[in-house]
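Per the working numbering, the sequence shown runs over residues 1 to 90. We put the beta carbon where it would ideally sit given N, CA and C, even for glycine. Please read these numbers as outputs of a predicted model, since none were measured by experiment. Worksheet: one structure, shown below.
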Amino acid sequence: MNVRPLADRVLILPAAAEQKTIRGISIPDTAKEKPLKGEVIAIGNGTKDEEMVLKVGDEVLYGKYAGTELEIEGTKYLIMRQSDVLAVLG
Numbered sequence: 001m002n003v004r005p006l007a008d009r010v011l012i013l014p015a016a017a018e019q020k021t022i023r024g025i026s027i028p029d030t031a032k033e034k035p036l037k038g039e040v041i042a043i044g045n046g047t048k049d050e051e052m053v054l055k056v057g058d059e060v061l062y063g064k065y066a067g068t069e070l071e072i073e074g075t076k077y078l079i080m081r082q083s084d085v086l087a088v089l090g
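Written out as structure tokens, the structure is:
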């Protein structure tokens, strides 16, 4: 993969949605909630006003509607501004 986010943007690989079953009934993908955490795969250089504090490999939490979904080589990613990331785990 050769994607390099610009400015204060980060590329995130969302964590897999948890498989849920209720009394033996599997919930379809369309009814699953979007995961709210993922791993930072690539980062931009930041801006003169905002230093990049995230680094590749960080596990992060982000808002439910944050970012733009994109698919690269069959894998779904999110690209968002650093300010849309709520917390770093660990």
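Terminal residues of the continuous beta strand (DSSP E) containing residue i?
i: R9; result: R9 to P14
i: V53; result: Segment: none, V53 is in no beta strand (DSSP E) and carries neither H nor E.
i: G24; result: Neither: G24 is in no beta strand (DSSP E) and is coded neither H nor E.
i: G38; result: K37 to I43
Write down the C-beta distance between residue i and residue j rounded to the nearest angstrom, noting that I regard them as a contact closer than 8 angstroms.
i: D84; j: A66; result: 4 angstroms
i: I79; j: R4; result: Actually they do not touch by this definition, with Cβ atoms about 11 angstroms apart.
Can you say whether residue i is buried or exposed, counting buried as having 16 or more other CB atoms within 10 angstroms of its CB?
i: G24; result: exposed
i: L89; result: exposed
i: L6; result: exposed
i: L86; result: exposed
Exercise. Which runs of the beta strand (DSSP E) spanning at least 3 residues fall entirely within the region 61–89, listed in chain order?
Worked result: 68–72, 75–81 and 85–89
Exercise. Quick check: the region 51–59 against the region 68–81, are there 3 or more CB pairs under 8 angstroms?
Worked result: no
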